[in-house]
Amino acid sequence: MNPIKGNCHCGAINYELTSDPQLSFICQCRQCQRITGTGHSAEFVMPSQKANISGELKFYEMVSDNGNTVSSGFCPTCGNPILKKSSGYPGLLFFHAATLENPSLFKPQKVFWYASRQPWDYVVPGLEVKDKT
1 MNPIKGNCHC GAINYELTSD PQLSFICQCR QCQRITGTGH SAEFVMPSQK
51 ANISGELKFY EMVSDNGNTV SSGFCPTCGN PILKKSSGYP GLLFFHAATL
101 ENPSLFKPQK VFWYASRQPW DYVVPGLEVK DKT
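Numbering-wise (the numbering used here), the sequence shown opens with residue 1 and increments by one.
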């Protein structure tokens with residue numbers, strides 16, 4: 001298997017992943033909307049031990065709708081969101097799909113927090129919908 005690679009907009013943060021994602025999804029919660037500046041985030045889940053990250057991420061902490069502490073990691077130079085960590089899922093990293101060198105590799109499997117969606121935001125039809133994660 002070839003490593004999966006990605007980076008921020010300016011190139012200060014780079015990552016290489018040594019396994020396939022455990023899950024890929026669209027999240028329509030309000031926090032993801034605000035972090036991405038769109039109607040949803042597109043993310044995939046990796047065990048942290050399978051991720052090699054170069055560069056220093058800056059983190060912003062918040063409390064999610066389900067009560068977990070979520071840390072959003074972004075590039076301090078260009079501001080590009082790269083990944084998230086959640087207290088509810090220790091040992092996992094949630095990477096933003098748009099940071100992939102080849103974003104066409106992203107294939108969402110589910111939609112989370114659908115009830116928080118914006119009426120103008122349409123995602124892939126036919127995905128399994130979960131209102132809570």
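Even for Gly, the Cβ is constructed at its ideal location relative to N, Cα and C.
All of these numbers come straight from a predicted model, not from anything done at the bench.
When only Cα atoms are considered, residue 78 and residue 7 end up about 11 Å apart. The DSSP-derived three-state label of residue 89 is coil.
Beta bridge pairing from DSSP links residue 45 with 23 and 94.
Contact between residue 31 and residue 64 holds, with the beta-carbon distance rounding to 6 Å and staying under 8 Å. Residue state for residue 60 is assigned as strand, using DSSP reduced to three classes. Contact between residue 58 and residue 17 is ruled out by a C-beta separation of about 21 Å, above the 8 Å threshold. Burial check for residue 43: the Cβ neighbour count within 10 Å reaches 16 or more, so the residue is buried. Contact between the stretch 81-88 and the stretch 101-110 is absent, with fewer than three C-beta pairs closer than 8 Å. The Cβ neighbour count for residue 124, taken over all protein chains shown within 10 Å, is under 16; the residue is labelled exposed.
With 16 or more neighbouring CB atoms inside 10 Å of its own CB, residue 99 falls in the buried class.
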